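Number of protein chains: 2
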Amino acid sequence: MRASSVDHYILQALEESSEHITSAQIYERVRAHLPAVNPSTVYRALERLAHNGKISISDLGRGAMVYQSMNAGAHDHLVCQRCGEIIHLEHDRFKEIFSALEAQYGYRMVTNHLVLWGLCPACQSESEAGG
Amino acid sequence: MRASSVDHYILQALEESSEHITSAQIYERVRAHLPAVNPSTVYRALERLAHNGKISISDLGRGAMVYQSMNAGAHDHLVCQRCGEIIHLEHDRFKEIFSALEAQYGYRMVTNHLVLWGLCPACQSESEAGG
DNA sequence: ATCGCAAATGCAATTCTTTGCATTATAATA
DNA sequence: TATTATAATGCAAAGAATTGCATTTGCGAT
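Protein chains in written order, with the working numbering: chain A, 61 to 191; chain B, 61 to 191.
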């Protein structure tokens with residue numbers, strides 16, 4: 061496996077940002093160091109890093125995938141399908157199930173930024189009113 | 061809320077297929093009934109149906125979203141990040157956690173086709189061998 | 001230093017999905 | 001029937017992400 065400076069700057073961008081960031085944001089930050097870098101290079105690097113367990117990719121319903129370092133503490137998300145509100149959940153909540161799955165299927169669980177969808181209290185009310 | 065024949069044919073296509081199907085497959089089946097229908101109409105209908113809790117949308121890593129009827133029994137997926145193998149999980153496994161989340165946050169959980177990522181036994185070996 | 005291989009990259013094209021805007025269809029009301 | 005409001009649609013363009021292919025780069029072996 062060869063090191064890549066793109067990988068380095070991507071990881072740096074992810075470590076520096078406390079929140080999940082989009083590929084566009086990552087691309088901008090990489091470009092600050094490598095002005096001529098191509099978007100596809102960044103996408104490929106992101107895919108490679110995810111493949112190797114360095115980062116994780118989630119769809120939080122923002123229209124673009126968001127990325128985070130695996131070094132950041134594992135946490136999960138409860139997202140309102142309507143208004144997009146995001147609640148962060150302790151990953152410990154799922155540890156038991158994940159362990160059971162690993163034991164049962166021999167899988168090594170990779171997910172540590174699970175996304176659960178629901179309707180927040182406010183949007184439930186609107187939902188009942190509107191149909 | 062107005063009825064739409066597109067909605068009808070989409071639901072029909074989903075009920076007829078035991079497995080998750082892609083938007084392309086759905087589009088083809090709707091077009092069998094409405095030859096001139098536009099892709100964006102189908103995408104919008106899919107979004108609408110998901111919004112109204114009739115169907116669910118999942119990314120199973122196939123390069124395109126897959127769709128399923130909410131009438132199909134709730135089940136979740138354990139997907140190998142490398143080879144794409146899909147294991148179906150009983151949704152009951154998560155019922156307890158979901159109930160706890162609903163109680164704690166007042167959310168109504170919508171997810172019933174959760175996707176968990178991992179590495180299957182075979183791909184773990186390859187992973188250790190290859191780096 | 002040179003050679004050769006595999007990984008990484010650039011570029012353009014393609015695929016998948018969403019969005020803006022004008023138009024059409026539907027249902028309720030007058 | 002005519003009117004109005006809202007939902008659904010078509011079309012084209014934009015956005016997000018992936019892919020094919022040729023080129024370049026980095027590393028090890030010679």
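Beta carbons: idealized from backbone N, C-alpha and C, even for Gly. A quick note: this is a predicted structure, and the numbers were derived from the prediction, not measured.
Is there a Cβ from chain B that is less than 9 Å from the Cβ of residue i?
i, result
"A/P181", "yes"
"A/G166", "yes"
"A/Q184", "yes"
"A/L71", "no"
"A/L138", "yes"
"A/I115", "no"
"A/A105", "no"
Could you list which residues in chain A have their beta carbon closer than 8 Å to that of residue i, in chain order?
i, result
"B/M169", "L176, W177, G178"
Applying a beta-carbon distance threshold of less than 7 Å, which residues of chain B neighbour residue i?
i, result
"A/G123", "Near A/G123 there are no residues of chain B at all, since even the closest Cβ is about 12 Å away, more than 7 Å."
"A/R153", "I157"
Please say whether residue j and residue i have beta carbons closer to each other than 9 Å?
i, j, result
"A/F154", "B/I157", "yes"
"A/L161", "B/G121", "no"
"B/M169", "A/L176", "yes"
"B/V139", "B/I81", "no"
Looking only at DSSP bridge pairs, what is residue i linked to?
i, result
"A/Q128", "A/S116"
"B/D152", "Per DSSP, none; premise fails for B/D152."
"A/G166", "Note: A/G166 sits in no beta bridge, so no partner."
"A/G178", "A/C140, B/M169"
"A/I146", "A/V139"
Taking Cβ positions only, does residue i come closer than 9 Å to chain A?
i, result
"B/S78", "no"
"B/G150", "A quick correction: the sequence has Glu, not Gly, at residue 150 of chain B. It does not; no Cβ of chain A falls within 9 Å."
"B/C143", "no"
"B/H68", "no"
"B/H135", "no"
"B/R108", "no"
"B/H93", "no"
"B/I146", "no"
Rounded to the nearest angstrom, how far is the Cβ of residue i from that of residue j, given a contact under 8 Å?
i, j, result
"A/S77", "A/L106", "The Cβ separation is near 14 Å, so there is no contact."
"A/S118", "A/A110", "That belief does not hold up - the Cβ atoms of A/S118 and A/A110 are roughly 10 Å apart, past 8 Å."
"B/Y103", "B/R89", "In fact, because the Cβ distance is near 14 Å, the residues do not count as touching under 8 Å."
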